[in-house]
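Take 1 as the starting number for the sequence shown in this note's numbering and just add one per residue.
What follows is a single structure, written as structure tokens, with notes after it.
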Amino acid sequence: MLSTLATNYQLLVELPAAQKFCALIGLPRLVPYWPALLAFAGLFQLLRLSSNTLSSLVFGEKFDSLTARQKYDWGVRVVSQVHAIVVVLLAIPIFFKQELIDDKLFGFDSYAAWVYTLRPSLQYYGASFIMFEASTIFLNMNWWMDKLGMTGSRLQLYNACTLLFLYLTVRLIFGVYMSYHLFADLDANGSSMPIALRYFYRIANYSIILLSYYWFYLMIAAVRKRFSPSKTSKAVKTE
Numbered sequence: 001m002l003s004t005l006a007t008n009y010q011l012l013v014e015l016p017a018a019q020k021f022c023a024l025i026g027l028p029r030l031v032p033y034w035p036a037l038l039a040f041a042g043l044f045q046l047l048r049l050s051s052n053t054l055s056s057l058v059f060g061e062k063f064d065s066l067t068a069r070q071k072y073d074w075g076v077r078v079v080s081q082v083h084a085i086v087v088v089l090l091a092i093p094i095f096f097k098q099e100l101i102d103d104k105l106f107g108f109d110s111y112a113a114w115v116y117t118l119r120p121s122l123q124y125y126g127a128s129f130i131m132f133e134a135s136t137i138f139l140n141m142n143w144w145m146d147k148l149g150m151t152g153s154r155l156q157l158y159n160a161c162t163l164l165f166l167y168l169t170v171r172l173i174f175g176v177y178m179s180y181h182l183f184a185d186l187d188a189n190g191s192s193m194p195i196a197l198r199y200f201y202r203i204a205n206y207s208i209i210l211l212s213y214y215w216f217y218l219m220i221a222a223v224r225k226r227f228s229p230s231k232t233s234k235a236v237k238t239e
């Protein structure tokens, strides 16, 4: 069965129309991966559409009482949750790919291309920013707890603490550390890269760093407000 799937996959890759289209949009390296890209897009869409039915069976009236907009957001977050878990686990091995360690700016690895990238540039550093999704897992859980009537519960407090810890370590510490090394590599070895692109990466990184610190401040404020002493009685009720 696996050999049949591999054969059919290769036939799709070798379609002349697909190769011409990838060349036309300037992504020739997408050719070996476009069937997987479409397959995952279809899989995630199927997951979103089926999540409401499954959630209704699992959570019953608590889910059924949500508005249509909230049910749609619920499905989107199910997709987000699955994607965050999968992509974080898949991104970890990229840090140990020797081809990318040796050339962190222009090194190319087919596994990294399969996971998240279309062009042979910054594959090593791209994985570090994929790790930001680790905090998304607990952010989604916080949203679900609100919708399931668990606002202010002890479980939500534990989840919030885990979210803040991951956000601090993955985004604000590890993310800034990797951005520093990215800038150093661009200065030392990025002369072959268009200067406009180098400045774009800098501006984008500075922007996300500043936004991350601002969001972290808002998250702390939200946690303090939600779990202040005045909320104690509500927390007891919802546990």
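Idealized CB from N, CA, C, for every residue including glycine.
Computed from a predicted model, the values in this text were never measured in an experiment.
- Annotated three-state conformation of Tyr-116 is coil, per DSSP.
- Between the C-alpha atoms of Met-178 and Cys-161 there is a straight-line separation of about 24 Å.
- The DSSP-derived three-state label of Gly-149 is coil.
- In the structure shown, the three-state DSSP call for Leu-27 is coil.
- Per DSSP, reduced to three states, the secondary structure at Met-131 is coil, with no helix or strand assignment.
- A distance below 8 Å between beta-carbons, with the five flanking residues on each side excluded, links Glu-99 to the following residues of its chain, in chain order: Gly-107, Phe-108 and Asp-109.
- At least 9 Å separates the beta-carbon of Ala-113 from that of Pro-194.
- Taking C-beta atoms as the reference points, Lys-104 and Leu-122 count as a pair closer than 9 Å.
- Assignment of Leu-49 by DSSP, reduced to helix, strand and coil, places it in the helix class.
- In the structure shown, Asp-109 falls within a coil segment according to DSSP collapsed to helix, strand and coil.
- Contact annotation: the segment 168-188 touches the segment 202-216, with at least three C-beta pairs closer than 8 Å.
- Of the other Cβ atoms in all chains shown, 16 or more fall within 10 Å of the Cβ of Tyr-125; this residue is therefore buried.
- For Tyr-33, no alpha helix (DSSP H) segment is defined, and its DSSP state is neither H nor E.
- Taking all protein chains in view, the Cβ of Asn-142 is crowded by 16 or more other Cβ atoms within 10 Å, so the residue is classified as buried.
- Per DSSP, Tyr-72 is one residue of the alpha helix (DSSP H) stretching across 68-91.
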